[in-house]
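In what follows, a single structure is set out as structure tokens and then discussed.
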Amino acid sequence: MECQHVSYQYSHQTHGLHDLTGTFPTGQVTTIIGPNGAGKSTLLNLLAQRLPVQAGQILLDQQPIAQLKPKALAQQVAMVTQRHQLYDELTVREVVATGRLPYHGLLQAVPDAEVTPYLAANGLTELATTLMQDLSGGQQQRVWLAAALAQAPSVLLLDEPTTYLDVHFQQVLMTQLRQLAAQGMTVIQVLHDINQAFRASDWLWLLQDGKLVASGTPAQLRDAQLLAQVFATPIEIVDVPQLGPYIVQIPQ
Numbered sequence: 016m017e018c019q020h021v022s023y024q025y026s027h028q029t030h031g032l033h034d035l036t037g038t039f040p041t042g043q044v045t046t047i048i049g050p051n052g053a054g055k056s057t058l059l060n061l062l063a064q065r066l067p068v069q070a071g072q073i074l075l076d077q078q079p080i081a082q083l084k085p086k087a088l089a090q091q092v093a094m095v096t097q098r099h100q101l102y103d104e105l106t107v108r109e110v111v112a113t114g115r116l117p118y119h120g121l122l123q124a125v126p127d128a129e130v131t132p133y134l135a136a137n138g139l140t141e142l143a144t145t146l147m148q149d150l151s152g153g154q155q156q157r158v159w160l161a162a163a164l165a166q167a168p169s170v171l172l173l174d175e176p177t178t179y180l181d182v183h184f185q186q187v188l189m190t191q192l193r194q195l196a197a198q199g200m201t202v203i204q205v206l207h208d209i210n211q212a213f214r215a216s217d218w219l220w221l222l223q224d225g226k227l228v229a230s231g232t233p234a235q236l237r238d239a240q241l242l243a244q245v246f247a248t249p250i251e252i253v254d255v256p257q258l259g260p261y262i263v264q265i266p267q
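Heads up: the sequence shown at position 38 corresponds to 53 in my numbering, and the numbers run straight through without jumps.
This is the structure we're talking about:
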């Protein structure tokens, strides 16, 4: 997936994106980081076509995604977002089954064989008949991931996927994303935890004020001066036993 001179501006003139050009490597986990208001979630919504690109273009396999019909796009790009109250009265199985709609349509029943593997892979088998409103935030997050994976996409987008997850399931999720990338999926996520982003990524996009300041491997972007400039706070990188380099905000 690739951005070519992509721009987007909200009507209230805040949190826009300006002339972004860069690539999200296939078969790798890319994490978008930056301070609040940098445009991270806006970029993710543009990649998912939930917002229209106002200038430039986004390419998937060398084809502008704006030219893809919704069904074709849904078969290639899936997005995991936060809680949807619209689905509160649906069961876990019904929500995961929505991921198969691009292949069956609204009026066709989705076979159990197409849903069961995604329930099992995300530890949801025993919750299949439970209503979404009766789940914890962490459980709901796993349901949305399962529904996105049920789309069998080549690109998986995740906006703050560790929200509501405890430490154990955060690690499970990061491992799962690595495995998906190793199988050839392009994984693009937004994270606020900068150390988690550096540990869990193959590639990073660093945004500031709607602009792409830098992109590269974690090793290339682990620069205290660069990060201090972008996050507007003193930063030091220290070596922590068993963890390696760790980014620390210095109290002012």
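Here a beta-carbon is modelled for each residue, glycine too, at the ideal position from N, C-alpha and C. If you're wondering where the values come from, they're calculated on a predicted model, not measured in any experiment.
| Asked | Found |
| --- | --- |
| Collapsed DSSP secondary structure at V110 in the structure displayed | helix |
| Continuous alpha helix (DSSP H) stretch holding P132: start and end | T131 to A136 |
| L134, buried or exposed, once every other Cβ within 10 Å from all chains shown has been counted against 16 | buried |
| Whole-angstrom distance between I48 and R214, CA atom to CA atom | 13 Å |
| Enclosing alpha helix (DSSP H) for A81 [first to last residue] | No alpha helix (DSSP H) contains A81, which DSSP labels as neither H nor E. |
| For L164, the first and last residue of its enclosing alpha helix (DSSP H) | G152 to A165 |
| Unbroken beta strand (DSSP E) run spanning S230, endpoints | K226 to G231 |
| Beta bridge counterpart(s) of E175 as assigned by DSSP | E175 pairs with nothing; no bridge assigned. |
| Coarse secondary structure for S56, derived from DSSP in three states | helix |
| Of the residues Q186, D181, E104 and Q244, the one placed nearest Q154, counting alpha carbons only | D181 |
| Reduced DSSP category for L241 - H, G, I as helix; E, B as strand; rest coil | helix |
| Beta-carbon gap between L170 and I203 smaller than 9 Å | Note that residue 170 corresponds to Val in the displayed sequence, not to Leu. Yes, they are a contact pair. |
| Pair within 9 Å by beta-carbon distance, V222 and L61 | The question names Val, but residue 222 in the sequence shown is Leu. For L222 and L61, no; Cβs fall outside 9 Å. |
| C-beta atoms of V44 and S216 nearer than 9 Å | yes |
| Cβ-Cβ distance between V68 and A81 below 9 Å | yes |
| Close-in-space but distant-in-sequence residues of the same chain around P50 (CB under 8 Å, 5 per side omitted) | Q223, V245, F246 and A247 |
| Selection from S26, H33, P85 and L150 that minimises the alpha carbon distance to C18 | H33 |
| DSSP-derived helix/strand/coil call for Y118 | helix |
| Cα-Cα separation between A161 and P233, rounded to whole angstroms | 28 Å |
| Among H20, F39, T36 and L66, the one whose alpha carbon lies nearest that of S26 | L66 |
| Contact set for T46: own chain, Cβ-Cβ below 6 Å, skip 5 residues either direction | Q204, L206, A212, S216 and L219 |
| For Y261: DSSP bridge partner residues | V253 |
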